[in-house]
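Enquirer: Before I ask anything, let me first share the structure, which is written out below as structure tokens.
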Amino acid sequence: MSISIHHIAIAVHDLEAALAFYRDALGLEVTRRREVPEEGVEIAFLPAGEGEIELLRPLDPEGSVARFLEKRGEGLHHICLRVDNIDAAMERLRAAGATLLSPEPRVGADGTRYVFIHPKSAHGVLLELYEK
Ligand code: CO
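All residue numbers for the sequence shown refer to numbering that gives the first Met the number 0, where the first residue is 0 and numbers rise by one.
Rendered as structure tokens:
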């Protein structure tokens, strides 16, 4: 099984202000930007070598990203690892006692299957698994 870092997600209050830093000052390019109403966020992806930076802005003031910002302010929100078989990875994690945030993988607009793992299981970091 191969695992690689797919993206590192940063929660921000204002996407334009964050792009002024990550795109304009740092020089990364935005390749995808869209609203994901089912997750209550707007996201922008900026590839950096083999991985990407994902900027996350809450759309829903009651959603989990809005609550995260309220509690901790802007910063690292989650790390996403790409796996080749998400079902096998989930089975293995469950067998090891890890807490998954959904019983089945969710499916993104682009067909990506993904699941989140509770930070308590991952030593303080929210982890996302992606299968493409
Ligand atoms: Co993500």
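Glycine included, C-beta positions come from ideal geometry on N, C-alpha and C.
Enumerated in chain order, which unbroken segments of the beta strand (DSSP E) with a length of 3 residues or greater are wholly contained in the segment 79-115?
Expert: none
Enquirer: What is the DSSP secondary structure of Pro36, reduced to helix, strand or coil?
Expert: Position 37 of the sequence shown, counting from 1, holds the residue named residue 36. Of the three classes helix, strand and coil, the one that applies to Pro36 here is helix, per DSSP.
Enquirer: Secondary structure at Ser63, three-state DSSP: helix, strand or coil?
Expert: Locating residue 63 in the sequence shown gives position 64, where the first residue counts as 1. Helix at Ser63.
Enquirer: With 16 as the cutoff for other CB atoms within 10 Å, does Pro60 come out buried or exposed?
Expert: In the sequence shown, counting from the first residue as 1, residue 60 sits at position 61. Result: exposed.
Enquirer: How long is the line joining the alpha carbons of Gly62 and Cys79, rounded to whole angstroms?
Expert: Residue numbering aside, residue 62 sits at position 63 when the sequence shown is read from its first letter. Residue numbering aside, residue 79 sits at position 80 when the sequence shown is read from its first letter. About 20 Å.
Enquirer: Taking 8 Å as the threshold (C-beta atoms), are Ile52 and His6 in contact?
Expert: Against the sequence shown, residue 6 aligns to sequence position 7. Against the sequence shown, residue 52 aligns to sequence position 53. Closer than 8 Å, so yes.
Enquirer: Near Leu128, which residues of its chain fall below 6 Å by C-beta distance, leaving aside the five closest residues on each side in sequence?
Expert: As a working mapping, residue 128 is identified with position 129 in the sequence shown. Answer for Leu128: Leu80, Val82, Ile85, Ala88, Val114, listed in chain order.
Enquirer: Looking at the structure shown, is Ala121 part of a helix, part of a strand, or coil, going by DSSP?
Expert: Translated into the one-based positions of the sequence shown, residue 121 becomes position 122. The answer is coil: DSSP assigns Ala121 none of H, G, I, E or B.
Enquirer: Which residue wins for smallest C-alpha separation from Glu37, given the options Leu58, Glu73, Ala24, Arg31?
Expert: Your numbering for residue 37 matches position 38 in the sequence shown. The option with the nearest alpha carbon to Glu37 is Leu58.
Enquirer: Would you check whether ligand 1 has a heavy atom nearer than 7 Å to the C-beta of Glu61?
Expert: The residue labelled residue 61 in the question sits at position 62 within the sequence shown. Flag unset: Cβ of Glu61 not near ligand 1.
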